Every structure is written in C-alpha cells, then in structure tokens.
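Here's the structure we're looking at; comments come further down.
Residue numbers (the working numbering): 30 to 174.
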C-alpha cells in the first residue's frame, strides 16, 4: 500500500503537516525581530534525541538539538549576522505510515561582519509521527562550495 492509498486522504494531510514543520524550520533562521522566539520554537520541531549533520568539506559535523541551535542563536542575535534568511527553493516529501522524508534545495542570504553573501544547498529532513504530530528525527545539509 502506498501513502496515496491510505484511507481518508491521510497522505495529503500528512504532507501538509510536514510542510508546516518545514516552513517553521526555515523561518527560524531569520535574523531580526522575533529571532530568539523562532529559534526557541525550533526545539519543539525535533525529537529530543534527533541527530543533525553538516556534510561537505571533509569530516561531517554531527550535532544534537541544543548543540545545533545554540551557536546559531548566538550568531543570529549577536548583530554580527544581519539581514539573514534561509528559504526552501524546491522540495519533495515522501510519506509511508509513520515515517517521512523531505528533500529540498534551499537558498540563504545575509550580511556577516558587513559583507553581503548568498548561498545555496540541499537539506534532508527525516520525520516520525508522534502523538504530538510530526517531528524531525534527523536532518542533514550540504552547502554548495
């Protein structure tokens, strides 16, 4: 049975719920007003034991949830990084029962220490259904060089 065959349109509802999590995930990485609150809300998107990996450039960097969020919160609220935002360009979500994955391209722009920059990359987010809704169990990304 494919996710499309689940009764009651569950796959469509699941994809919409997952897309809400993806939007909230990307919105958290926006500097300016409300940044601290958005980053704090980011914790609720993850399972407490989630694994986050930055790939590319040699040895992957592996983070737990708090180890991932803390340095980004410092950077986004310190004033060293301004006008920053990250957003999804294209993406695909696959759902099967209580697991799902979202693979997407994304872009980012900002000004760090007075120097404007842009970038792109790919992210993969793995999801599991919990009693509280869909949560990220793992994430990985690779920025273009």
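Note that CB positions come from ideal geometry on N, CA and C, so glycine has one too. Values in this document were obtained by computation on a predicted structure and should not be read as measured data.
Coarse secondary structure for residue i, derived from DSSP in three states
i, result
"residue 59", "coil"
"residue 33", "Note that residue 33 scores 44 on pLDDT, short of 50, meaning its location in the model is unreliable; the coordinates nonetheless yield the value given after this. Looking at residue 33 - three-state DSSP - the assignment turns out to be helix."
"residue 162", "strand"
"residue 111", "strand"
"residue 127", "coil"
"residue 117", "strand"
"residue 172", "strand"
"residue 85", "coil"
Same chain only: Cβ atoms within 6 Å of residue i, ignoring 5 sequence neighbours per side
i, result
"residue 104", "110"
"residue 80", "167"
"residue 132", "121 and 153"
Beta-carbon proximity of residue i to residue j, cut-off 8 Å
i, j, result
"residue 147", "residue 136", "yes"
"residue 169", "residue 84", "yes"
"residue 102", "residue 62", "no"
"residue 118", "residue 108", "no"
"residue 55", "residue 115", "yes"
Cut-off 7 Å between Cβ atoms - residues of its own chain near residue i, not counting five sequence neighbours on either side
i, result
"residue 57", "67, 68, 70 and 71"
"residue 31", "For residue 31, the pLDDT reaches just 42, beneath the cut-off of 50, and the residue's location in the model is therefore unreliable, although a value from the coordinates is still provided. Correct list: empty, nothing qualifies."
"residue 172", "85, 148 and 150"
"residue 142", "109"
Beta-carbon proximity list for residue i, same chain, < 8 Å, skipping 5 on both sides
i, result
"residue 77", "94"
"residue 33", "Any reading at residue 33 must be qualified, since the residue scores a pLDDT of 44, below 50, and its modelled position is unreliable; the value itself is stated next. Cβ neighbours of residue 33 beyond the five flanking positions: 40."
Beta-carbon separation (whole angstroms), residue i vs residue j, contact threshold 8 Å
i, j, result
"residue 75", "residue 149", "With 8 Å as the limit, residue 75 and residue 149 do not qualify as a contact, their Cβ atoms being about 24 Å apart."
"residue 97", "residue 139", "In fact, because the Cβ distance is near 18 Å, the residues do not count as touching under 8 Å."
"residue 129", "residue 43", "7 Å"
Using 8 Å as the threshold, is the region 108 to 124 in touch with the region 79 to 96, meaning 3 or more CB pairs across them?
no
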